[in-house]
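J.: My questions will all concern the structure given below.
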Amino acid sequence: MSTEQSEAYLAQKGIRPTAARILVVQQLAGMTSPASLFELEAALGTLDKSTISRTLALLLEHHVVHAFEDGSGSVKYELCRSTSDVCRVGDRHIHFFCERCHRTFCLDNIKIPVASLPEGYVIDTINYMVKGLCPVCGRKAGG
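Here it is in structure tokens:
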């Protein structure tokens, strides 16, 4: 994602584009899997942990990113791919945590089933984490 695209994306979500926000959005857009704060800090050597953390908190508040616990005790972040102004629960997908290589994968084509809750409950967010062996680790285990 270019700087101009990042600026437009942030502005569309009602966020003033700053250098730190643009860098975090660009980094998340370029990653092939969700990233932890530690991974973002390592990738964004020019930003300190507190700046990245504050940026992620703002991006979460404006539904620019999703956060979820990946099964390892680590919180992972990814850009919201919803085309609307809000991130709908129906837009969420399943995540898979490999217990051998400790990688988290997005299973974009498998949507999270929306739970029917009793009257009075309102869903704000939902996560669906599956744990096991990824295809590479599964082949290693079988042979």
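Residue numbers (the numbering used here): 4 to 146.
Where is the CB? At the ideal position from N, CA and C, for every residue including glycine.
Computed from a predicted model, the values in this text were never measured in an experiment.
1. Which residue wins for smallest C-alpha separation from M4, given the options S75, L82, T58 and G141?
2. Rounding to the nearest angstrom, what Cα-Cα distance links L110 and H66 in this structure?
3. Using a Cβ distance threshold of 8 Å, determine whether the segment 94–106 contacts the segment 43–52, with at least three qualifying pairs required.
4. For the alpha helix (DSSP H) holding G145, just list the boundary residues, first then last.
5. Among the candidates G76, D127, H105 and E42, whose CA atom is the shortest distance from the CA of P138?
6. Let's test the definition: count the other Cβ atoms within 10 Å of the Cβ of Q30 and tell me whether it reaches 16, buried, or not, exposed.
7. Does DSSP classify A117 as helix, strand or coil?
8. Would you kindly work out how many angstroms separate the C-alpha atoms of I25 and G17, rounded to a whole number?
T.: On the basis of the coordinates in this document:
1. L82
2. 20 Å
3. no
4. P138 to G145
5. H105
6. buried
7. Inspection of the sequence shows that residue 117 is occupied by Val rather than by Ala. V117 falls in the coil class under three-state DSSP.
8. 14 Å
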